[in-house]
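Protein chains in written order, with our numbering: chain A, 0 to 450; chain B, 383 to 542. The C-beta atom is built at its ideal place from N, Cα and C for all residues, glycine as well. Reviewing the structure listed below.
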Amino acid sequence: MIKRDTSSLDALRPCFEGFVPSMVATCAPDGTPNVTYVSQVHYVDAAHVALTYQFFSKTRENVLANPHASILVVDPDTGAQHRLQAQYLRTETSGPLFESMKAKLAGIASHTGMTGVFRLLGSDVYRVDAVEAVPGPELQRPPARRNFLAAVRAACERLSGCDTLDRLLDEALTCVERAFDIRHSMILMLDAGRRSLYIVATRGYATSGIGSEIPLGRGVIGVAARECTPIRIPHATAEYGYGRALRESAARSGLAGLLDTEIAFPGLADPGSQLAVPIVVCRRMIGVLYVESGEERRFTYDDEDALTAVASQIGAAIALLQVIESQEEHPTVAATRPAPSGAPLVVRHFAVNDCVFLGDEYLIKGVAGAIFWKLARDCVSYGRTEFTNRELRLDASIRLPDVSDNLEARLVLLQRRLAERAAGVTIEKTGRGRFRLAVSRPLQLQEVASG
Amino acid sequence: MSDPLLDPEDAAFVAGGVTISLASRDDACRASVGRALGCRVAPDRSRVTLFLARAPNVPLLADLARSGAVSACFSQPSTHRTIQLKGADAAIGPIDARDLTLMRVQIDAKVAELVPLGYDEALVRNVFSGEPDDIVAVTFTPTSAFMQTPGPRAGKPLHP
Numbered sequence: 000m001i002k003r004d005t006s007s008l009d010a011l012r013p014c015f016e017g018f019v020p021s022m023v024a025t026c027a028p029d030g031t032p033n034v035t036y037v038s039q040v041h042y043v044d045a046a047h048v049a050l051t052y053q054f055f056s057k058t059r060e061n062v063l064a065n066p067h068a069s070i071l072v073v074d075p076d077t078g079a080q081h082r083l084q085a086q087y088l089r090t091e092t093s094g095p096l097f098e099s100m101k102a103k104l105a106g107i108a109s110h111t112g113m114t115g116v117f118r119l120l121g122s123d124v125y126r127v128d129a130v131e132a133v134p135g136p137e138l139q140r141p142p143a144r145r146n147f148l149a150a151v152r153a154a155c156e157r158l159s160g161c162d163t164l165d166r167l168l169d170e171a172l173t174c175v176e177r178a179f180d181i182r183h184s185m186i187l188m189l190d191a192g193r194r195s196l197y198i199v200a201t202r203g204y205a206t207s208g209i210g211s212e213i214p215l216g217r218g219v220i221g222v223a224a225r226e227c228t229p230i231r232i233p234h235a236t237a238e239y240g241y242g243r244a245l246r247e248s249a250a251r252s253g254l255a256g257l258l259d260t261e262i263a264f265p266g267l268a269d270p271g272s273q274l275a276v277p278i279v280v281c282r283r284m285i286g287v288l289y290v291e292s293g294e295e296r297r298f299t300y301d302d303e304d305a306l307t308a309v310a311s312q313i314g315a316a317i318a319l320l321q322v323i324e325s326q327e328e329h330p331t332v333a334a335t336r337p338a339p340s341g342a343p344l345v346v347r348h349f350a351v352n353d354c355v356f357l358g359d360e361y362l363i364k365g366v367a368g369a370i371f372w373k374l375a376r377d378c379v380s381y382g383r384t385e386f387t388n389r390e391l392r393l394d395a396s397i398r399l400p401d402v403s404d405n406l407e408a409r410l411v412l413l414q415r416r417l418a419e420r421a422a423g424v425t426i427e428k429t430g431r432g433r434f435r436l437a438v439s440r441p442l443q444l445q446e447v448a449s450g
Numbered sequence: 383m384s385d386p387l388l389d390p391e392d393a394a395f396v397a398g399g400v401t402i403s404l405a406s407r408d409d410a411c412r413a414s415v416g417r418a419l420g421c422r423v424a425p426d427r428s429r430v431t432l433f434l435a436r437a438p439n440v441p442l443l444a445d446l447a448r449s450g451a452v453s454a455c456f457s458q459p460s461t462h463r464t465i466q467l468k469g470a471d472a473a474i475g476p477i478d479a480r481d482l483t484l485m486r487v488q489i490d491a492k493v494a495e496l497v498p499l500g501y502d503e504a505l506v507r508n509v510f511s512g513e514p515d516d517i518v519a520v521t522f523t524p525t526s527a528f529m530q531t532p533g534p535r536a537g538k539p540l541h542p
């Protein structure tokens, strides 16, 4: 028998993708063995795996009395088999491990026609004491699509060269596309006050979806954010997707008009693979990097690791740029601009939720809506067009949820929504911590009071 | 002797090319797991014989030989129908040419079952492989049988 150092569990990760069912043998205290198939042996770390606890089974009854288990796993590429000698430690019924296994199981259930039958009650965590390579023939492993370390390095180098948040967000998605050949991606930022995430950048969709919101806990992105853990689903599953309602609201808004303030989620209708990675700074989740593909089993443990590293680089860069933008440069000489002319642009503000419409078209709501309303009022009342990030941060009328809120991300969101609306008013960056409200048509403000 | 636990339909199922995993245990009740390549049921259905390769199952075969305790799980991937048989008198013996033919037919049946589910034929044949002169027979008398199809009846006796 070949005993390997348990650190080699890292090298067996293809076996833990859940493509080929694994087998688990246990033994009752009276010496009666039991064997069963398990949908998922989840890689926890180099010394631990977790099994799905779905029904109160003989396996569970056995390990509660006698923790020893023997697990047979198969590499789906080579057919190589390994036997793990493991000890049951504990069951987790909530938290990051549970949620990431629950999401993966939903994908497996849907793939195998077991939706509604496979249901995760707990994650049974085992310590792996020995790994034995089972003798037998092996197929040649298909050539690797890429070297993940080289791709991570390339991405980190590109990100470190970004000096504005706007550029950083676009560069991050360019990296995801070029270094990892991932065609559909987006970055969402946390709105702690509304317990939701809003899209600030997307790549690869018919519509940008900038400003679209996902509630915390909803679908693969919302769960990754709430639990602050990567969620990866290798098969199509409706359970974690963003259904028709969320995607079609834009189409509706064209007809129903005024009060529809939903921006449609731009994601794929039926992704075969989904991966959402939290963007974390100093242990605080500030956003999510999300990628998807029409192909099943597109993202592996390696993709998850690589994008987690890239997301942490994105997080660090966002935090640094936030500090830089809060210390504005001396103003540059304002360029002389032609006075606004032509038909006035009606700007309506709904005080109840800081929702703003430009003409009949929805622009934005929430904090970004409050920012825009302040800028528009200052512009109309005092003729001001030059602003600093710092004054917005201190302005009570904007009601930033807390001091650590990412104001710069709200400004990028607002800037991008204005650019997409192309209604004659835009935001232009004029230097570090400074920007200009560029207005080509006269603004006509209408406040709609609450109630 | 009492009636066999398996009815004719169960017997046809376990010997019909479904996937088979099995387990035994050592003196300290530590389980060992392995995979069988095929199955034969005695005409009176009182005994079940599993065919497995020796090389990949060395610890399991040692435990079977010593304890006789065995559990075997038979599963049809396309339907998830699964049953488990347990026994206490497992004995290891040689196979004959007829068994080898039966085993090959059952491996082909697994290929026919698994390829439509998206598994590569080369992968299936690799996982269910064994050199003819390395195959042994494990024979036991099932003393209990359980339904193991995922769902509310999982774990219940097959014929209550």
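Listing by chain order, which chain A residues have their CB less than 8 Å from the CB of residue i?
i: B:R448; result: Result: empty, since nearest Cβ-Cβ is about 11 Å, beyond 8 Å.
i: B:C455; result: M22, V34, T35, Y36
Residue i versus chain B: which residues are under 9 Å apart at the beta carbon?
i: A:S99; result: Chain B residues near A:S99: none, gap ~21 Å exceeds 9 Å.
i: A:H67; result: R407, A410, C411, R412, A413
i: A:P28; result: C411
List the residues of chain A that residue i touches, going by C-beta distances under 7 Å, in chain order.
i: B:G533; result: V116
i: B:Q337; result: Any answer about residue 337 of chain B is impossible in this case: the structure gives chain B only from 383 up to 542.
i: B:K468; result: T31
Does the beta carbon of residue i come closer than 8 Å to any beta carbon on chain B?
i: A:F54; result: yes
i: A:Q80; result: yes
i: A:V48; result: no
i: A:A24; result: yes
i: A:M188; result: no
i: A:L138; result: yes
i: A:V463; result: Residue 463 of chain A cannot be examined here, being either before or after the span of chain A that is shown, 0 to 450.
i: A:K103; result: no
i: A:P229; result: no
i: A:G135; result: yes
i: A:T236; result: no
i: A:K57; result: yes
Which residues in chain B sit within 8 Å of residue i, going by Cβ to Cβ distance?
i: A:I70; result: V415
i: A:V73; result: V509
What is the rounded straight-line gap between the Cα of residue i and the Cα of residue j?
i: A:A149; j: A:D128; result: 32 Å
i: B:E391; j: B:C421; result: 14 Å
i: A:P265; j: A:P233; result: 20 Å
i: B:D426; j: A:L8; result: 46 Å
i: A:A79; j: A:A316; result: 42 Å
i: A:R398; j: A:Y361; result: 21 Å
i: A:W372; j: A:G286; result: 25 Å
i: A:G253; j: A:Y300; result: Low confidence applies here, because A:G253 scores a pLDDT of 42, under 50, leaving its location unreliable and the question unanswered by this model.
i: A:S195; j: A:G218; result: 12 Å
i: B:V423; j: A:S93; result: 45 Å
How is residue i classed by DSSP in three states: helix, strand or coil?
i: A:S99; result: helix
i: A:L442; result: strand
i: A:C281; result: coil
i: A:T92; result: coil
i: A:E16; result: helix
i: A:V199; result: strand
i: B:K468; result: strand
i: A:M113; result: coil
i: A:N405; result: coil
i: B:S453; result: strand
i: A:L258; result: With a pLDDT of only 49 at A:L258, under 50, the local geometry of the prediction cannot be trusted, and no value is derived from it.
Is residue i close to chain A? Criterion is C-beta to C-beta, closer than 8 Å.
i: B:L434; result: no
i: B:V452; result: yes
i: B:A519; result: no
i: B:S428; result: no
Output needed for residue i: all residues of its chain with C-beta closer than 6 Å, excluding positions within five of it in sequence on either side, in chain order.
i: A:Q321; result: E407
Suppose the cutoff is 8 Å on Cβ atoms and the five residues either side in sequence are ignored; what does the same chain contact list for residue i look like?
i: A:S99; result: H41, E226, T228, P229, I230, R231
i: A:Q445; result: V345, V346, R347, H348
i: A:G135; result: G78, A79, Q80
With a threshold of 7 Å, establish whether the CB of residue i neighbours any heavy atom of the ligand ADP.
i: A:A308; result: Ligands in the displayed structure: none, and consequently the ligand ADP is not present.
Between residue i and the rest of its own chain, which residues show a CB-CB distance below 7 Å, the 5 nearest in sequence each way excluded?
i: A:S439; result: P339, G423
i: A:S69; result: A24, R82, Q84
i: A:A200; result: L168, D169, L172, M185, I186
Can you list the residues of chain A that residue i reaches, using a CB-CB cut of under 9 Å?
i: B:P542; result: Residues of chain A passing the Cβ test: none, with the nearest at roughly 16 Å.
i: B:G420; result: Ordered by position in chain A, no residue passes the 9 Å Cβ test against B:G420, which lies about 16 Å from the chain.
i: B:A437; result: V133, P134, G135
Name, please, each residue of chain B whose Cβ falls closer than 7 Å to the Cβ of residue i.
i: A:M185; result: Chain B residues near A:M185: none, gap ~29 Å exceeds 7 Å.
i: A:M284; result: Those do not exist, as A:M284 stays about 34 Å from chain B at its closest Cβ, beyond 7 Å.
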